[in-house]
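Trainee:
2 protein chains.
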Amino acid sequence: MNDQPAPSYRPLYQQIKEALLSRIVSGVWPPGTYIPSESALSQEYGVSVGTLRKAVDALANEHVVIRHQGKGTVVATHDSDRSLFQFFHFVRFDGSRSLPVSRVLQRRCRQATLEEAQALEIEEGTVVVHIQRIRVLDDVPALLEDLVVDAKRFPALENEPQTLPNTLYQLYQQKFSQSVAKAEERLLAVVAGQQEQKHLGVEIGSPLLEVRRIARGLQGEALEYRVSRCNTQHHCYLNEL
Amino acid sequence: MNDQPAPSYRPLYQQIKEALLSRIVSGVWPPGTYIPSESALSQEYGVSVGTLRKAVDALANEHVVIRHQGKGTVVATHDSDRSLFQFFHFVRFDGSRSLPVSRVLQRRCRQATLEEAQALEIEEGTVVVHIQRIRVLDDVPALLEDLVVDAKRFPALENEPQTLPNTLYQLYQQKFSQSVAKAEERLLAVVAGQQEQKHLGVEIGSPLLEVRRIARGLQGEALEYRVSRCNTQHHCYLNEL
DNA sequence: CAGTGGTCTAGACCACTTA
DNA sequence: AAGTGGTCTAGACCACTGT
Numbered sequence: 001m002n003d004q005p006a007p008s009y010r011p012l013y014q015q016i017k018e019a020l021l022s023r024i025v026s027g028v029w030p031p032g033t034y035i036p037s038e039s040a041l042s043q044e045y046g047v048s049v050g051t052l053r054k055a056v057d058a059l060a061n062e063h064v065v066i067r068h069q070g071k072g073t074v075v076a077t078h079d080s081d082r083s084l085f086q087f088f089h090f091v092r093f094d095g096s097r098s099l100p101v102s103r104v105l106q107r108r109c110r111q112a113t114l115e116e117a118q119a120l121e122i123e124e125g126t127v128v129v130h131i132q133r134i135r136v137l138d139d140v141p142a143l144l145e146d147l148v149v150d151a152k153r154f155p156a157l158e159n160e161p162q163t164l165p166n167t168l169y170q171l172y173q174q175k176f177s178q179s180v181a182k183a184e185e186r187l188l189a190v191v192a193g194q195q196e197q198k199h200l201g202v203e204i205g206s207p208l209l210e211v212r213r214i215a216r217g218l219q220g221e222a223l224e225y226r227v228s229r230c231n232t233q234h235h236c237y238l239n240e241l
Numbered sequence: 001m002n003d004q005p006a007p008s009y010r011p012l013y014q015q016i017k018e019a020l021l022s023r024i025v026s027g028v029w030p031p032g033t034y035i036p037s038e039s040a041l042s043q044e045y046g047v048s049v050g051t052l053r054k055a056v057d058a059l060a061n062e063h064v065v066i067r068h069q070g071k072g073t074v075v076a077t078h079d080s081d082r083s084l085f086q087f088f089h090f091v092r093f094d095g096s097r098s099l100p101v102s103r104v105l106q107r108r109c110r111q112a113t114l115e116e117a118q119a120l121e122i123e124e125g126t127v128v129v130h131i132q133r134i135r136v137l138d139d140v141p142a143l144l145e146d147l148v149v150d151a152k153r154f155p156a157l158e159n160e161p162q163t164l165p166n167t168l169y170q171l172y173q174q175k176f177s178q179s180v181a182k183a184e185e186r187l188l189a190v191v192a193g194q195q196e197q198k199h200l201g202v203e204i205g206s207p208l209l210e211v212r213r214i215a216r217g218l219q220g221e222a223l224e225y226r227v228s229r230c231n232t233q234h235h236c237y238l239n240e241l
């Protein structure tokens, strides 16, 4: 997405942005910690405050850090209110948000299918952790989700405590040091099968909204491939352009 | 969306941003024209170049203007490549874009339904122009679109030349001085009916992706309400987060 | 070459948070 | 009151576009 086309000239603030990012990625500044003040950082890097600000601005725009006037700049966590809905677009028809409740149906290791391998940019047959869950919105079982992650990147995820947190990305961040920073979603319409009939309470053949998401880390690595099938009788997917 | 909560303090660059915007809205700087240089504007408003830049930056971020290094800053038009795909999210499954070709099926004036009136923020029964068309992607009739606009805002739209341009928003801008700046889309899954069977060549009861879009002008006024039903056999809706 | 936007500087002051 | 990010200034220089 942010491909620089053979730069030949690289603005200072971009170099500093990457320097800061590498300190976040490497774990020097874990999520939730306040990074040094702008004046301190500008001195450390030997640049003006204005230039350093542009670097931090860029990170703030990508939700990697969050600024708080008077307090400081914190590395973003997936429990901060703001970040919660960057990846969750299902709302009531009037546009109001509703918090999902999750129930895990299945959790096991297996080999990646071709589709999953391509999405995760790994070899077909690589061992992945597969989790299936339903998500309840306003007491309606609205989504049936299947997601896979590379087992090497998330060791022993299948043995995590029985009650997985509602926001899985928080778990990825806290237990596996993997922060989801962006994602691509492909949406299409499909028909409900037996599984959806059973878990979502819809009739076989009824239309569902399918969302295929590739979630990516701070440096664009594919972390998770997720397929959600949603009953859009009571909720819809909202996108603002 | 950009609601300021009783500011009590209003940064200079925001005031200037609105001053610039009002000159665009009022037609002093129509779409496609280059606005004065940053130094000229900074002198006119009696602020520093840096402050004026922040104002223009804000407009550029909202795609109201487009900067061109070495040339100047131009008021955005709907034919500029960049702006074309802000509102068109249908792609092939590999993510590559494909240009739509449109064919108008119907065009007439009638009274707004309740749903349309609410979307357009007008009274139920107000006269609207209703256009129905199909859009072909890669030689596949992929979308069936129904859209309505307030007839008062778009006088005699129903009498426009038989061959409406492919990008309607370009027409809105050139003939009616209405620039679409942002939009909200609600996505859900529906089943195909007779109309979709006839025009999209899908079977009755097969699943379709329905997109309900409210397109808004530079100041947030609802300009158009559009419902698209898409056959997602060969294309999908792509969203990057 | 002149003119544009893009980067960078050094410093002042303001608004907000915390102690 | 001290420290943070947010605004604003005035000016220098760089990269890109036209003529």
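Chains A and B supply the protein sequences, listed in that same order. Quick note on numbering: the first sequence equals residues 1 to 241 in UniProt numbering. Quick note on numbering: the second sequence equals residues 1 to 241 in UniProt numbering. Even glycine gets a Cβ: it sits at the ideal position worked out from N, Cα and C. Computed from a predicted model, the values in this text were never measured in an experiment.
1. Taking Cβ-Cβ distances shorter than 8 Å, what residues in chain A pair up with Y237(B)?
2. Can you grab the Cα-Cα spacing for the pair R97(A) / E185(A), in whole Å?
3. Under the three-state reduction of DSSP, which class applies to H199(B): helix, strand or coil?
4. Would you list the residues sitting across from H130(A) in a DSSP beta bridge?
5. Strictly below 8 Å CB to CB, what residues from chain B border V191(A)?
6. Which residue's Cα is closest to the Cα of L157(A): R133(A), V129(A) and V140(A)?
7. Is the segment 159 to 173 of chain A touching the segment 73 to 83 of chain A in the sense that three or more CB pairs, one from each, lie closer than 8 Å?
8. Once DSSP output is grouped into helix, strand and coil, what is the label at V180(B)?
9. Identify every residue that forms a DSSP beta bridge with H235(A).
10. Compute the beta-carbon to beta-carbon distance between L218(B) and A181(B), rounded to the nearest angstrom, for a pair I have assumed lies under 8 Å.
11. Suppose contacts are defined by Cβ-Cβ distances below 7 Å. Is V227(B) in contact with R212(B) by that definition?
12. Tell me the DSSP secondary structure of residue 306(A) in three-state form.
13. Taking the Cβ atom as the reference point for each residue, do A142(A) and N239(A) lie within a distance shorter than 7 Å?
14. Which residues mark the beginning and the end of the alpha helix (DSSP H) in which E158(A) is found?
15. Under three-state DSSP, which class holds S98(A)?
16. Any beta carbon of chain A sitting closer than 7 Å to that of K182(B)?
17. Starting from the Cα of I134(B), find the closest Cα among V64(B), S102(B) and L187(B) and give me that residue.
18. Should the segment 13 to 21 of chain A be regarded as contacting the segment 55 to 62 of chain A, the criterion being three or more beta carbon pairs within less than 8 Å?
19. When DSSP labels each residue in this structure, what does L143(A) get in the three-state scheme?
20. Go through its chain and collect everything with a Cβ distance to L171(B)'s Cβ below 6 Å, but skip five positions before and after it.
21. Taking 7 Å as the limit between beta carbons, can you name the residues of its chain near I122(B), skipping five residues before and five after?
22. By a C-beta neighbour count over all protein chains shown, 10 Å radius and 16 as the cutoff for buried, is Q69(B) buried or exposed?
23. Just the Cα atoms here: how many angstroms apart are E210(B) and L188(B)?
24. Can you name the start and end residues of the beta strand (DSSP E) that E208(B) belongs to?
25. Counting only the same chain and skipping the five closest in sequence on each side, list residues whose C-beta sits under 6 Å from that of F176(A).
26. Do V75(B) and V65(B) count as a contact pair if the criterion is CB distance below 7 Å?
27. Give the DSSP-derived three-state secondary structure of E185(B) in the structure shown.
28. May I ask you to list, following chain order, the residues of the segment 78 to 108 of chain A that have a beta carbon less than 9 Å from some beta carbon of chain B?
29. Let me see if you follow: with CB-CB separation under 7 Å, is T232(B) close to chain A or not?
30. Under a CB-based cut-off of 7 Å, is L12(A) close to chain B?
31. Taking only beta-carbon atoms, is E240(B) less than 7 Å away from chain A?
32. How would you call E145(B), buried or exposed, if buried means at least 16 neighbouring beta carbons within 10 angstroms?
33. Going by the CB atoms, is the gap between Q86(B) and L105(B) shorter than 7 Å?
34. Just checking my contact of E203(B) with R229(B) at CB under 8 Å: how many whole Å lie between their CB atoms?
35. Which of the three DSSP states, helix, strand or coil, is assigned to T73(B)?
Mentor: Walking through what the data contain:
1. Taking a Cβ-Cβ cut-off of 8 Å, the neighbours of Y237(B) in chain A comprise R186, L187 and L188, given in sequence order.
2. The alpha-carbon of R97(A) is positioned some 19 Å away from that of E185(A).
3. Correct three-state label for H199(B): helix.
4. For H130(A), which the question treats as bridged, DSSP gives the partners R108(A) and V148(A).
5. By Cβ distance, chain B contributes S206 and P207.
6. Per the C-alpha coordinates, the member of R133(A), V129(A) and V140(A) positioned closest to L157(A) is V129(A).
7. With a cut-off of 8 Å, the segment 159 to 173 of chain A and the segment 73 to 83 of chain A count as touching, because enough Cβ pairs lie within range.
8. Residue state for V180(B) is assigned as coil, using DSSP reduced to three classes.
9. Bridge pairing for H235(A): R92(A) [DSSP].
10. The Cβ separation is near 5 Å, so the contact holds.
11. Cβ distance < 7 Å, so V227(B) and R212(B) count as in contact.
12. It is not possible to answer for residue 306(A), since the shown part of chain A is limited to 1 through 241.
13. Contact: no.
14. Boundaries cannot be given for E158(A), as no alpha helix (DSSP H) includes it and DSSP labels it neither H nor E.
15. If DSSP states are grouped into helix, strand and coil, S98(A) belongs with coil.
16. True, the Cβ-Cβ gap to chain A drops below 7 Å.
17. Comparing Cα-Cα distances from I134(B) to each of V64(B), S102(B) and L187(B), the minimum goes to S102(B).
18. Cβ pair count under 8 Å is three or more, so yes.
19. Three-state result, L143(A): strand.
20. Excluding the 5 residues flanking it on each side, L171(B) has same chain C-beta neighbours closer than 6 Å at P165, in chain order.
21. Counting only Cβ-Cβ distances below 7 Å, and skipping sequence neighbours, we find A112 and D150.
22. Exposed, by the Cβ-count rule.
23. Taking the straight line from one Cα to the other gives about 5 Å.
24. A small fix is needed here, since residue 208(B) is Leu in this sequence, not Glu. Where L208(B) is concerned, the enclosing beta strand (DSSP E) stretches over P207 to R216.
25. For F176(A), same chain residues with a beta-carbon under 6 Å away, outside a window of 5 residues either side, are F154 in chain order.
26. Taking 7 Å as the Cβ cut-off, V65(B) and V75(B) qualify as a contacting pair.
27. In this structure, DSSP gives E185(B) an extended state, which the three-state scheme calls strand.
28. Cβ contacts with chain B come from Q86, F87, H89, V91, F93 and G95.
29. Yes, because at least one Cβ of chain A sits closer than 7 Å to the Cβ of T232(B).
30. Under the Cβ criterion of 7 Å, L12(A) is not counted among the residues facing chain B.
31. It does: the Cβ of E240(B) has a partner Cβ on chain A nearer than 7 Å.
32. Classification for E145(B): buried.
33. Not closer than 7 Å, so no.
34. 14 Å between Cβ atoms; not a contact.
35. In the structure shown, T73(B) sits in a strand (DSSP, three-state: E or B).
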